[in-house]
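Here the structure is laid out as structure tokens; the discussion comes afterwards.
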Amino acid sequence: MNGWARPIWPVMTSLRPFATFLLLGLILQACQSVEPVVQQPLPGFHERSLIHNGESRVYQIYVPPGYTSQQSWPVVMFLHGAGERGSDGIMQTRVGLGPAMLMYPERFPVIGIFPQLPNDTSWRPETESIALTALDQTIKELSVDEDRVILTGLSMGGHGSLYLGTRHTDLFAAIAPVCPTVGDSVGYPFLGGSSYEESIATAASSLTDVPVWLFHGDEDQVFSAQISRDLTLALQEAGGDVRYTEFQGVGHNSWDPAYSMLDFAEWVLMAERPKPESNPAQ
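Residue numbers (my numbering): 7 to 288.
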């Protein structure tokens, strides 16, 4: 047998360790090139908790259909009315914005935040951290566009949206109070000073640079529609970006027609804090 006719098996045998090493290297490289699969939260409401004054408080977040962490999403924080206070962590999703989101999911491709106040409380310095902590935790958990955070609420929560809005204008791209009060001397703190007039003036001066859309029923017997009318006029005179919708023949429940408006959902999606102007090139 000449040299060309020698069997090649010994050569192949000697190459086995190298081939095995090369194959393992290719497998490792392929595994490293595949990005890990990130499990996305399912659409709908999800229970979350926070600590307030040393106690656990339950709140809800709403995840829209199609949510992915690969993009940033607008946020709507909803402040409930007096009838939804408690500790069950659920009632605040059943009145107002929550039902509208479930009924019209295609209109609200947004993350929702639904904090809940304890019984016998309202939105004030001692309780505002319930909402702000829920917002902060949601920003850390989900993919949030922090320039597109909208604040809304109804009745007591309408007052809350004005109260938090005037105190934290840097957080919100727009505010939508529904049938609000601006405060009184009993259950709800004045937005400013110690009177109705001072509160209207405070709101107007504080919210000049924040788009506001007010809603009220003309037959509201709980908080008069005159409150929203006066606030709208004051904001207009201060040069603010304000809209006002008054529902004819509607009492205190102006939230159902407000949140079911297609225009409202479109307004929410358009709201965005202005980007800081960059210095022109020298």
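Here a beta-carbon is modelled for each residue, glycine too, at the ideal position from N, C-alpha and C.
CB-CB under 6 Å to residue i, same chain, minus the five flanking residues each way: which ones, in chain order?
i, result
"R279", "D153 and A179"
"Q297", "For residue 297 there is no data in the structure shown, the boundaries of the chain being 7 and 288."
"P195", "R130 and G189"
"E41", "For E41, the predicted model reports a pLDDT of 47, less than 50, meaning its position is unreliable; a value from the coordinates is still stated below. So no residue of the chain qualifies."
"F253", "G223, S260 and P263"
"G295", "In the structure displayed, the chain extends from 7 to 288; residue 295 sits before or after that span and is not available."
"P183", "G164, S167, L168 and L220"
Output needed for residue i: all residues of its chain with C-beta closer than 7 Å, excluding positions within five of it in sequence on either side, in chain order.
i, result
"S149", "S75, Q77, S78 and W79"
"Y202", "V188"
"A207", "G198 and A240"
"D151", "S78, W79 and P80"
"S205", "V188, G189, F196, L197, G198 and G199"
"A277", "R154, I156, A179, A180 and P217"
"Q227", "G257 and H258"
"G92", "Q122 and N125"
"P111", "P70 and P71"
"D236", "I206"
"T133", "L123 and T127"
"T214", "A244, G245 and G246"
Drop a sphere of 10 angstroms on the beta-carbon of residue i, count the other beta-carbons inside from all chains shown, and report buried for 16 or more, exposed for fewer.
i, result
"M83", "buried"
"V289", "Here the chain comprises residues numbered 7 to 288, so residue 289 is not present and cannot be evaluated."
"N107", "In the sequence as presented, Asn is not what sits at residue 107; that position holds Met. With 16 or more other Cβ atoms within 10 Å, it is buried."
"I156", "buried"
"G72", "exposed"
"L48", "exposed"
"G246", "buried"
"L268", "exposed"
"G163", "buried"
"V242", "First, the residue type needs correcting, since residue 242 is Gln and not Val in the sequence shown. By the 10 Å Cβ count, Q242 comes out exposed."
"S62", "exposed"
"S55", "exposed"
"Q232", "exposed"
"Q66", "buried"
"P282", "exposed"
"I57", "exposed"
Looking at the secondary structure, which residues open and close the alpha helix (DSSP H) in which residue i lies?
i, result
"D142", "E134 to E147"
"S205", "Y202 to S212"
"G72", "That residue, G72, is in no alpha helix (DSSP H); it is neither H nor E in DSSP."
"W273", "L268 to M276"
"G104", "L103 to M109"
"Y265", "W261 to Y265"
Following the continuous beta strand (DSSP E) through residue i, name the residue where it begins and the one where it ends.
i, result
"F158", "A small correction: the amino acid at residue 158 is Thr; Phe does not occupy that position in the sequence shown. Its beta strand (DSSP E) spans residues V150 to L160."
"V82", "W79 to L85"
"G118", "I117 to F120"
DSSP puts residue i in a beta bridge; with which residues?
i, result
"E243", "Answer by DSSP bridge pairing: none, since E243 is not bridged."
"L56", "R63"
"P183", "G159"
"F253", "G223"
"F51", "Y68"
"V248", "V218"
Compute every distance between the C-beta of residue i and the non-hydrogen atoms of the ligand FAD, then say whether any falls below 7 Å.
i, result
"E90", "Absence of the ligand FAD from the depicted structure is noted, as is the absence of any ligand whatsoever, leaving it without description."
Whose C-beta lies closer than 8 Å to the C-beta of residue i among residues of the same chain, with five residues either side of it excluded?
i, result
"M109", "S266"
"T175", "S212, L213, D215 and V216"
Is it true that the stretch 98-110 meets the stretch 136-148, where meeting means three or more beta-carbon pairs spaced less than 8 Å apart? no
So does the stretch 252-264 actually touch the stretch 223-230, counting three or more Cβ pairs closer than 8 Å? yes
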